Amino acid sequence: MSTDDTNVPDWLYLLFTGASYPYIKRQAKFRLKRDPTPDILRELFVDIFPRCTMKVLVEEKQGMIVQFRELETYEPGKYMDLVWKPIDVLREAYGRGKYKLNFYEGENFICTTNFKVDME
Numbered sequence: 012m013s014t015d016d017t018n019v020p021d022w023l024y025l026l027f028t029g030a031s032y033p034y035i036k037r038q039a040k041f042r043l044k045r046d047p048t049p050d051i052l053r054e055l056f057v058d059i060f061p062r063c064t065m066k067v068l069v070e071e072k073q074g075m076i077v078q079f080r081e082l083e084t085y086e087p088g089k090y091m092d093l094v095w096k097p098i099d100v101l102r103e104a105y106g107r108g109k110y111k112l113n114f115y116e117g118e119n120f121i122c123t124t125n126f127k128v129d130m131e
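To convert a position in the sequence shown, counted from 1, into my numbering, add 11.
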């Protein structure tokens with residue numbers, strides 16, 4: 012998805028605006044009191060995304076319990092390499108594993124996605 016202000020991979024735009032994590036859609040409905048058009052969703056995404064932080068978490072299994080430990084928090088705009096080449100950047104920075112990328116606007120959780128990184 013590319014706009015004048017924000018250039019992000021399609022998967023990321025769909026994550027922020029799709030049915031699984033309707034954060035942007037809920038924000039639009041709250042502000043407009045009606046269902047947003049695709050153009051309004053794009054405008055709101057361009058407004059919200061540049062302020063978002065991202066946390067990288069790694070899966071850790073302890074017996075039958077799976078938990079995620081936070082590895083790093085990226086400030087707004089500092090994680091674009093990671094969203095464009097997630098597998099490569101995760102492999103180089105942290106090695107093999109299962110990772111979550113969580114996005115936040117301030118303290119508000121927006122969405123998450125998972126990546127499995129194998130060593131090649």
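Backbone N, C-alpha and C fix where the C-beta goes; we use that ideal spot for every residue, glycine too.
Since we're looking at a predicted model, the values are computed, not measured.
**Report entry** Which residues DSSP lists as bridging G108, in chain order
**Finding:** The partner list for G108 (beta bridge, DSSP) reads V128.
Query raised in the report: With distances taken from CA atoms, which of R107, V69, I51 is nearest T123?
Result: V69
Query raised in the report: Looking only at C-alpha atoms, which of L23, G108, R45, K127 sits nearest to V57?
Result: L23
Query raised in the report: Does the distance from the C-beta atom of Y110 to that of F126 stay below 7 Å?
Result: yes
Query - Counterpart residues of E116 in DSSP-defined beta bridges - result: Per DSSP, C63, N119.
Report task. Keeping to the same chain, check which residues put their C-beta closer than 7 Å to that of D129; ignore five residues upstream and five downstream. Result -> R107
Query raised in the report: Distance, Cα to Cα, Y32 vs R102?
Result: 26 Å
Query raised in the report: Per DSSP, what kind of secondary structure is E86 in: helix, strand or coil?
Result: coil
Report task. Quick one: residues in its chain with C-beta nearer than 6 Å to the C-beta of A39, no 5 flanking neighbours on either side, listed in chain order? Result -> P47, I51, L55
**Report entry** N-terminal and C-terminal residue of the alpha helix (DSSP H) that R37 is part of
**Finding:** 34-43
Requested in this report: From the DSSP output, in three-state form, read off V100 for me.
Outcome: helix
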